[in-house]
Structure formats: C-alpha cells, structure tokens
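Q: Below is the structure I would like to discuss, written out as structure tokens.
Protein chains: 2
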Amino acid sequence: MTETTIARRLAAILAADVVAYSRLMGADEDATMTQWWEYRREVIDPGIEKLGGRIVKHTGDGFLAEFASAYDAVNCALELQREINERSEKVAEDKRVQFRMGVNLGDIMSDDEDIYGDGVNIAARIEALADPGRVFVSGSVYEQIRSKPDFDCVSKGEHALKNISEPMRVFDVCVAGQTPADEIKV
Amino acid sequence: MTETTIARRLAAILAADVVAYSRLMGADEDATMTQWWEYRREVIDPGIEKLGGRIVKHTGDGFLAEFASAYDAVNCALELQREINERSEKVAEDKRVQFRMGVNLGDIMSDDEDIYGDGVNIAARIEALADPGRVFVSGSVYEQIRSKPDFDCVSKGEHALKNISEPMRVFDVCVAGQTPADEIKV
C-alpha cells in the first residue's frame, strides 16, 4: 500500500449501442446512418451535455459517457431513450435505429482519449443485456436510485459477465409509473 | 423526471469514531483529549489531505471525510488505522484511544458545512459495526476494491441497518497479507 500515484475518481458510466447495427447497415446503410447522425446531433450530444454528462467517445455504433452522479446518468439515459424511441416509432420497423443502454458506477482512470477500469467494462456488459430501447443498470447504481421517487426498477436477476469474477445484479429502470405491467417491481 | 436542479456527485465517504469515548472520558478526560488531539493533528488531518481526501467535519469524538475514489478512501483509512494503532499500543489498554472506521460510496449533496445523502448515513452505520482499530466497508466499496492486490477483504455478512430498507453486505478490509488467520478470505 503506497501513496496513490494513479488518479482514480468515482463516476457513473453510460454505455450505449445501436441494436442490430450490422443488420440495419446491411439492409439500408444510408437510412441507418441518417438516423444515427440525427440522433447523435439532435438528441444524444446535446442531451448529455444538458443533463450533466460528458461524452467520452463515440464508437462506430454507439457512445460512452460519464457523469459525476449515478442519478444524473440514469436520468439522462431515460431521457435519451424516451426521445429516441419516440422518433423511432415514425420509422418503418425494420429500419428503426434503437439503442441498448447500460449504466454502472466505479472508480475510473482517464487520459485525454478514454476512460479505463472494471467499471467501464461492466457498463458495456450490462448494456449488452439491455432490451432494445431500455436502460439496464448494475446493482451499485440500483442502490443509489432505489429510494428515488423518479424511477421504477425491475430486477433482471444475477448475470455472469464475461471476465468479471462475481455474478452481477442487473435492473431494468424506467421513469416512475412506466414499469411494464407484466414485471414485478422490486 | 426533470432536469437535475440539485448537484449530486459520487463520493467515497469515510466515517470514524473513537471506541468507548464516554468511558474513556469518564475515566481520564485529559489523557483521552490529549491523545485525540495528537492523532487529529499529527495523523488524521495531514493523512487525509496527503491521501487525496477532504475532512468534511470533526465531530466530538470522530470525523467525516470524503474522497473522489473508493480506492483512495480505503487506502487512507487503513493508513490512518495503522498509524493510530501503532501509537495506541504504547498507551495503557484502558486509556487507549482507538477508532472504528467505515467506508461507503454514494451520490452525495453538499453545502459549505456538511454532506448529505443515504450514502453518508450508511457510512456511519457501517462504521458502528466495525471492530476497534479496523476498517469496515459496504458491498459497493467492496466491488471497487476486491480485484486490487493491495487489500484483503473478509465478509462480515449481511446487516440490517437502521432506517435502511435492504440488508447491506459488510466487509472487514486490511492491507494485503494481514488478514486475521481465523477469518475466511472472500
């Protein structure tokens, strides 16, 4: 144990990816990219900035953002999904660009280009479990938001995540009052 | 769900209290206060500053500090306990000033005087469970440090904490290699 030489900081990490990106691009590259760019320009980038986050990087079919608070990250993810899902409904179902989003929190390290740490990897793994158009969060994030009246959470059980030693609890989160009726609220 | 108007931020919270403070003060007020002030002036205040934390407030018989990272908070708590325990060994057992320390993480809110939030309350509850001279942490903190080679963690089971709805997992943490032999490492 020594003095810390690496600067770590707690952050909430939002990972997002387009659902079935390869299929969409194979079917209609122009329509897919037009939507993706529209969402990025009009919804994602301004939404994250407005709701207290920072885009760490855009990936080919998604993005990674960080927030100083777990509440802000979940609030932002739900707001982005609400706006994107609303816009997507106007597009033919087989050309619809939708996102999976995952939120985790953890000690991260960063440089000018990227953020690093277990917590970042776990955010990406949780995002991959999310249903299209939904926001899934880790047990750590759930503990921060469960007592907030703004959100409803539905347990999605424990999942073994690739390269993560212990199973992680995963929750589907939505704006309070919008819980799918067939799910049991926790 | 609205734009966030309250500034929340993720922080690791270290809560600490003197063990059996009332008994010590009843038996020898001068000796107790002399040790407490010495530890505060020579160990606690400079140690927290050096290891990346901020003293939020001193209480009559303890203190509350915040850190930007869970790793830094645990590292600092262990370093403070090591130094205080070493100094305490030179004092007669019935006059020894020792501390319980608890670390939790969570979204906090703050003003000029104090920090607020569930996470702060839970840190104090976990601290109250700690054995004298030891550092106990919440499950959320454990998740951030369990893969670090610097620390060993021993599960202390789940505890129902006052005014907290769900039982919390609690862990006893020490510098790697110093786990009590009679405990099972997790």
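Top to bottom, those sequences are chains A and B. Heads up, the first sequence is in the working numbering, so the first residue is 1 and it goes up one at a time. Heads up, the second sequence is in the working numbering, so the first residue is 1001 and it goes up one at a time. Even glycine gets a Cβ: it sits at the ideal position worked out from N, Cα and C.
How would you label T32(A), buried or exposed, when you count the other beta carbons within 10 angstroms and need 16 or more for buried?
A: Translated into the one-based positions of the first sequence, residue 32(A) becomes position 32. Result: buried.
Q: Within the continuous alpha helix (DSSP H) that includes D1072(B), where are the two ends?
A: Position 72 of the second sequence, counted from the first residue, corresponds to residue 1072(B). Where D1072(B) is concerned, the enclosing alpha helix (DSSP H) stretches over A1070 to S1088.
Q: Does any residue of chain B have a CB that is nearer than 7 angstroms to the CB of R169(A)?
A: Here residue 169(A) refers to the residue found at position 169 of the first sequence. No, R169(A) does not count as interfacial toward chain B.
Q: Just the chain B side, please: which residues come within less than 7 angstroms of E143(A) by C-beta, in chain order?
A: Along the first sequence, one-based indexing puts residue 143(A) at 143. Under the 7 angstroms cutoff, chain B gives S1140.
Q: Would you mind listing the alpha helix (DSSP H) stretches within the stretch 1087-1145 of chain B that are 4+ residues and don't spill past its ends, in chain order?
A: With a minimum length of 4 residues, the continuous alpha helix (DSSP H) runs that stay inside the stretch 1087-1145 of chain B are 1118-1129 and 1139-1145.
Q: Helix, strand or coil for E158(A), going by three-state DSSP, please let me know.
A: For the purposes of this step, residue 158(A) is identified with residue 158 of the first sequence, where counting begins at 1. Reduced to three states, the DSSP call for E158(A) is strand.
Q: With distances taken Cα to Cα, identify the nearest neighbour of A1015(B) among D1030(B), G1157(B), V1135(B) and D1152(B).
A: Residue mapping note: residue 1015(B) aligns to position 15 of the second sequence, counting from 1. The shortest C-alpha separation from A1015(B) is found at V1135(B).
Q: How would you call S1138(B), buried or exposed, if buried means at least 16 neighbouring beta carbons within 10 angstroms?
A: Locating residue 1138(B) in the second sequence gives position 138, where the first residue counts as 1. With 16 or more other Cβ atoms within 10 Å, it is buried.
Q: Rank T1059(B), P1132(B) and A1012(B) by C-alpha distance to the C-alpha of E1089(B) and give the top, closest one.
A: For the purposes of this step, residue 1089(B) is taken as residue 89 along the second sequence, with counting starting at 1. Out of T1059(B), P1132(B) and A1012(B), P1132(B) has the C-alpha closest to the C-alpha of E1089(B).
Q: Quick one, which of E1079(B), Q1178(B), V1170(B) and F1067(B) has its alpha-carbon nearest I1115(B)'s?
A: Along the second sequence, read from residue 1 onward, the residue named residue 1115(B) stands at position 115. Minimum Cα distance to I1115(B) is reached at F1067(B).
Q: Using a Cβ cut-off of 7 angstroms, which residues of the stretch 1006-1029 of chain B contact any Cβ in chain A, in chain order?
A: Taking 7 angstroms as the Cβ-Cβ cut-off against chain A, the residues of the stretch 1006-1029 of chain B that qualify are R1008, R1009, L1010, A1011 and A1012.
Q: With DSSP collapsed to three states, give me the class of V43(A).
A: Along the first sequence, one-based indexing puts residue 43(A) at 43. Helix, per DSSP.
Q: Can you list, in chain order, the residues of its chain with a C-beta nearer than 6 angstroms to that of I11(A)? Leave out the 5 residues immediately preceding and following it.
A: Locating residue 11(A) in the first sequence gives position 11, where the first residue counts as 1. Position check: residue 11(A) holds Ala in this sequence, whereas Ile was assumed. Only E66 and I108 meet the Cβ criterion.
Q: Would you kindly report the start and end of the unbroken beta strand (DSSP E) that includes R1023(B)?
A: Numbered from its first residue, the second sequence carries residue 1023(B) at position 23. Segment Y1021 to A1027 is the alpha helix (DSSP H) holding R1023(B); no beta strand (DSSP E) there.
Q: Tell me, please, whether the CB atom of G1177(B) is closer than 7 angstroms to any CB atom in chain A?
A: Here residue 1177(B) refers to the residue found at position 177 of the second sequence. Not an interface residue.
Q: Taking CB distances under 7 angstroms as the criterion, tell me whether Y1039(B) reaches chain A.
A: Reading the second sequence from its first residue, position 39 is the one you call residue 1039(B). With 7 angstroms as the cut-off, Y1039(B) does not count as an interface residue toward chain A.
Q: Would you say I184(A) lies against chain B (beta-carbon separation less than 7 angstroms)?
A: Locating residue 184(A) in the first sequence gives position 184, where the first residue counts as 1. For I184(A), the predicted model reports a pLDDT of 45, less than 50, meaning its position is unreliable; a value from the coordinates is still stated below. I184(A) does not count as touching chain B.
Q: How would you write the range of the beta strand (DSSP E) that A65(A) sits in, first residue to last?
A: Stepping through the first sequence from its first residue, residue 65(A) is reached at position 65. It spans G62 to F67 - the beta strand (DSSP E) in which A65(A) sits, taken as one unbroken run.
Q: Using the rule of at least 16 other Cβ atoms within 10 Å of the residue's Cβ for burial, across every protein chain shown, is E113(A) buried or exposed?
A: On the first sequence, residue 113(A) is found 113 positions in, with the first residue counted as 1. Per the 10 Å Cβ criterion, exposed.
Q: Report the neighbours of G1106(B) on chain A: residues whose CB is nearer than 7 angstroms to its CB, in chain order.
A: Position 106 of the second sequence, counting from 1, holds the residue named residue 1106(B). Those within 7 angstroms of G1106(B) in chain A are Q144.
Q: Could you spell out where the beta strand (DSSP E) holding D172(A) opens and where it closes?
A: By one-based count along the first sequence, residue 172(A) stands at place 172. Its beta strand (DSSP E) spans residues M168 to V175.
Q: Under the three-state reduction of DSSP, which class applies to A1011(B): helix, strand or coil?
A: One-based indexing of the second sequence puts residue 1011(B) at position 11. Of the three classes helix, strand and coil, the one that applies to A1011(B) here is strand, per DSSP.
Q: Report all residues from its chain with a CB closer than 8 angstroms to the CB of I1164(B); omit the five preceding and five following residues, and keep chain order.
A: Position 164 of the second sequence holds residue 1164(B). These residues qualify, in order along the chain: D1118, N1121, I1122 and R1125.
Q: What residues in the stretch 1092-1124 of chain B bring their beta carbon closer than 7 angstroms to a beta carbon of chain A?
A: So the list reads L1105, G1106, D1107 and D1118, given in the order they occur along the chain.
Q: Reducing DSSP to helix, strand and coil, say where D1150(B) ends up.
A: The sequence position of residue 1150(B) within the second sequence is 150, counting from 1. D1150(B): coil per DSSP, three-state reduction.
Q: With a threshold of 7 angstroms on Cβ separation, who are the neighbours of P167(A) within its own chain once the five nearest residues in sequence on each side are excluded?
A: Here residue 167(A) refers to the residue found at position 167 when the first sequence is read from its first residue. Taken in chain order, the residues that qualify are E158, H159 and A160.
Q: Drop a sphere of 10 angstroms on the beta-carbon of G1047(B), count the other beta-carbons inside from all chains shown, and report buried for 16 or more, exposed for fewer.
A: Locating residue 1047(B) in the second sequence gives position 47, counting from the first residue. Buried, since its Cβ has 16 or more Cβ neighbours within 10 Å.
Q: On a Cα-Cα basis, can you pick out the residue from N104(A), W36(A), K162(A) and L129(A) that is closest to V97(A)?
A: Numbered from its first residue, the first sequence carries residue 97(A) at position 97. The shortest Cα separation from V97(A) among N104(A), W36(A), K162(A) and L129(A) belongs to W36(A).
Q: Can you confirm whether A73(A), when its beta carbon is compared against all beta carbons of chain B, has any partner nearer than 7 angstroms?
A: Walking along the first sequence from the start, residue 73(A) turns up at place 73. A73(A) does not count as touching chain B.
Q: According to DSSP, is I164(A) helix, strand or coil?
A: Working through the first sequence from its first residue, we reach residue 164(A) at position 164. In the structure shown, I164(A) sits in coil (DSSP, three-state: anything other than H, G, I, E or B).
Q: Which residues does DSSP list as the beta-bridge partners of K57(A)?
A: Locating residue 57(A) in the first sequence gives position 57, counting from the first residue. In DSSP, K57(A) forms a bridge with L64(A).
Q: Can you grab the Cα-Cα spacing for the pair D45(A) / G53(A), in whole Å?
A: Here residue 45(A) refers to the residue found at position 45 when the first sequence is read from its first residue. Here residue 53(A) refers to the residue found at position 53 when the first sequence is read from its first residue. If you take the alpha carbons of D45(A) and G53(A), they lie about 9 angstroms apart.
Q: Cβ closer than 7 angstroms: which chain B residues qualify as neighbours of S69(A)?
A: Here residue 69(A) corresponds to residue number 69 of the first sequence, with the count starting at 1. Within chain B, the residues near S69(A) are R1008, R1009, L1010 and D1107.
Q: Whose Cβ in chain B lies nearer than 8 angstroms to the Cβ of S147(A)?
A: Within the first sequence, residue 147(A) is the residue found at index 147, counting from 1. Here the neighbours are D1118 and S1165.
Q: Consult DSSP for Q178(A) and reduce its assignment to one of helix, strand or coil.
A: Working through the first sequence from its first residue, we reach residue 178(A) at position 178. Of the three classes helix, strand and coil, the one that applies to Q178(A) here is coil, per DSSP.
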